[in-house]
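Residue numbers (this note's numbering): 8 to 148.
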């Protein structure tokens with residue numbers, strides 16, 4: 008996407024995380040591969056690439072590689088379709104998927120899972136990825 012975080016910034020983030028975590032059992036390796044927003048099959052491709060680099064686990068977020076119709080703006084895939092597709096194919100790849108939780112920010116409790124917020128009727132503050140990147144670039148909190 009045009010407003011995506013650059014590879015250079017992502018690389019610097021990995022370098023910073025490696026220094027802060029400072030754990031010899033964790034290897035932070037940057038993979039210079041761009042997202043093509045091609046849906047669940049692309050998520051599986053990312054999992055295969057990481058397996059080829061020696062990974063045993065694959066963290067996969069909500070709507071990974073998801074895309075919208077340029078005509079209607081509707082999502083082509085469901086929000087968890089990539090997670091389900093990757094999980095279904097993980098055994099044949101000898102990988103384990105680690106689904107990323109769908110976290111939201113609430114006025115009452117801060118960050119919680121979306122399910123927790125809905126069950127308790129908490130007030131969720133919405134923030135899209137586009138809004139997040141804009142705020143990040145502007146130095147906003």
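Positions of the beta carbon are idealized from the N, C-alpha and C atoms, including for glycine.
Residue environment for residue 73: buried (at least 16 other C-beta atoms within 10 angstroms of its C-beta). The three-state secondary structure of residue 103, taken from DSSP, is strand. Across the structure, residue 19 and residue 12 are spaced so that their CA atoms are roughly 11 Å apart. Nearest in C-alpha terms to residue 126, of all of 49, 68, 113, is 113. Look at the beta carbons and you see the segment 68–87 not touching the segment 23–32: under three pairs across the two are nearer than 8 Å.
Per DSSP, reduced to three states, the secondary structure at residue 73 is coil, with no helix or strand assignment. Per DSSP, the continuous alpha helix (DSSP H) segment holding residue 53 begins and ends at 47–59.
Counting other Cβ atoms within 10 Å of its Cβ, residue 104 reaches 16 or more and is therefore classed as buried.
The secondary-structure analysis by DSSP pairs residue 11 with nothing; it has no beta-bridge partner. Cβ-Cβ separation between residue 89 and residue 47: approximately 4 Å, consistent with a contact (criterion under 8 Å).
DSSP lists 110 as the bridge partner or partners of residue 120. Excluding residues up to 5 positions away in sequence, 56, 57, 60 lie with their Cβ nearer than 8 Å to the Cβ of residue 38 in the same chain. By the neighbour-count criterion, in which 16 or more other beta carbons inside 10 Å mark a residue as buried, residue 16 falls on the exposed side.
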